[in-house]
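Residue numbers (the working numbering): 11 to 424.
Structure, rendered in structure tokens:
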């Protein structure tokens, strides 16, 4: 078939320029916070995601691209970046000897789900992972990094939602109470909610978008009433630091995030721009996952925190900003009036490129008027015309922004 796979996308032209600008902004901000880049393989053993994300999650159960390799081993295309980054940190001994590395990545992820606005089956994910720091200020700092990203991309219509899902003991006690509540009303829930009730992670019931489920869950026990003193104090300190930094937030007691490895702080930046992203669409989500590394290597207890975002969804949220940019990155468009001047055109282009300029040479045998038209469409800054005058050492150069044209000696541009 000569068509791309459903849920995938080709990037070229202006869209290619836009996504590269977003990549560049994301990398700049990560480096400002002293995060180093990490690149992990696209393929991982399936067991990595089953152990870390949770075998009962929708990601592992329904959405992963999984297959057997030629040695009958189960392999998966990575559906998210945290598990792979943790695996790399352990395998390469990056977190040994009390090292506290912090990483960022921009990579393709793969999930078999229904394609929709800002959501594809192959998508780019940007994420940051901070290992070894058990400090509320680090939690707040990654929230500030997320806010910096939204500021740089001029995303204004969003709200920050936060919650604490407590430590493992807090959740164990809460799960008992929540299970008693839902089992008494199980016939009233949707099929989606019933599936979560029977899964290994009961908290996932709060991911339901069904109004009927949400109405029932409004009266469910609140996890905040089951937090240990340690988790409670930690969450209060985080809220205080946010307030001291003038960061507005909404405490959402139903926010749990969709993956099994979270504990204590969880947060989401939720779009309020219904026109661009629809109702209550998450742009950035993350939290703390202190038990994740231990799931992969039980000899290690490494506190960790991070967030991730889908680049395509972020681009939709920042659509107005991206469309306001000038994508003309071509410094010179060189047009030769006939083939005998192509060698000179190549020589001038080479010299200009050696000086760091972006140059396109039109060697085609066509009318000069057509080449001038193409130069304008290319959004080039300058047009160089090489013709008969070049025999006397003269070429014409036109500023395509102002329309001003002049003749100069070839030596001036070489």
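Ideal Cβ positions, reconstructed from N, Cα and C, are used throughout, including at glycine.
Buried or exposed (CB count within 10 angstroms, at least 16 for buried), residue i
i	result
residue 38	exposed
residue 231	buried
residue 42	exposed
residue 95	buried
residue 387	exposed
residue 106	exposed
residue 330	exposed
residue 130	buried
residue 385	buried
residue 360	exposed
residue 46	exposed
residue 348	exposed
residue 246	exposed
residue 125	exposed
residue 224	exposed
residue 99	buried
residue 289	exposed
Check whether residue i and residue j have beta carbons under 7 Å apart
i	j	result
residue 319	residue 298	no
residue 74	residue 51	no
residue 76	residue 86	yes
residue 139	residue 118	no
residue 362	residue 342	yes
residue 407	residue 392	yes
residue 315	residue 158	no
residue 179	residue 212	no
residue 48	residue 115	yes
residue 346	residue 396	yes
residue 53	residue 93	no
residue 337	residue 24	yes
residue 312	residue 113	no
residue 195	residue 226	yes
residue 165	residue 328	yes
Limits of the unbroken alpha helix (DSSP H) element including residue i
i	result
residue 180	178-193
residue 160	146-162
residue 79	Here residue 79 belongs to no alpha helix (DSSP H), and DSSP marks it neither H nor E.
residue 385	378-387
residue 245	239-254
residue 288	Premise fails: residue 288 is in no alpha helix (DSSP H) and is neither H nor E.
residue 420	420-423
residue 361	352-364
Cα-Cα separation, residue i to residue j
i	j	result
residue 306	residue 91	15 Å
residue 244	residue 235	14 Å
residue 63	residue 375	59 Å
residue 26	residue 237	47 Å
residue 198	residue 264	19 Å
residue 206	residue 218	9 Å
residue 283	residue 137	23 Å
residue 400	residue 355	10 Å
residue 344	residue 22	23 Å
residue 280	residue 241	24 Å
residue 109	residue 394	55 Å
residue 415	residue 333	29 Å
residue 135	residue 201	30 Å
residue 422	residue 97	56 Å
residue 382	residue 358	18 Å
residue 302	residue 257	28 Å
residue 146	residue 339	43 Å
residue 101	residue 321	28 Å
residue 190	residue 19	45 Å
residue 56	residue 78	10 Å
residue 285	residue 120	26 Å
residue 420	residue 402	9 Å
residue 104	residue 294	26 Å
residue 378	residue 160	45 Å
residue 249	residue 209	32 Å
Extent of the continuous beta strand (DSSP E) to which residue i belongs
i	result
residue 134	132-141
residue 274	273-281
residue 54	53-55
residue 50	That residue, residue 50, is in no beta strand (DSSP E); it is neither H nor E in DSSP.
residue 396	392-396
residue 38	Where residue 38 is concerned, there is no enclosing beta strand (DSSP E), although the alpha helix (DSSP H) it sits in stretches over 23-42.
residue 340	Taken as a continuous stretch (DSSP letters only), residue 340 belongs to no beta strand (DSSP E), as it is neither H nor E.
residue 67	That residue, residue 67, is in no beta strand (DSSP E); it is neither H nor E in DSSP.
residue 369	369-372
residue 87	84-87
residue 330	Unbroken run through residue 330 is the alpha helix (DSSP H), 329-333; no beta strand (DSSP E).
residue 112	112-120
residue 409	404-409
Interface flag, residue i vs chain C, CB-CB below 7 Å
i	result
residue 191	Included in the structure is just one protein chain, with no chain C present.
CB-CB length for residue i against residue j, believed under 8 Å
i	j	result
residue 255	residue 176	Their Cβ separation, rounded to whole angstroms, is 24 Å, which puts residue 255 and residue 176 out of contact at 8 Å.
residue 170	residue 35	At roughly 20 Å, the Cβ-Cβ gap does not stay under 8 Å, so residue 170 and residue 35 are not in contact.
residue 172	residue 259	5 Å
residue 156	residue 317	6 Å
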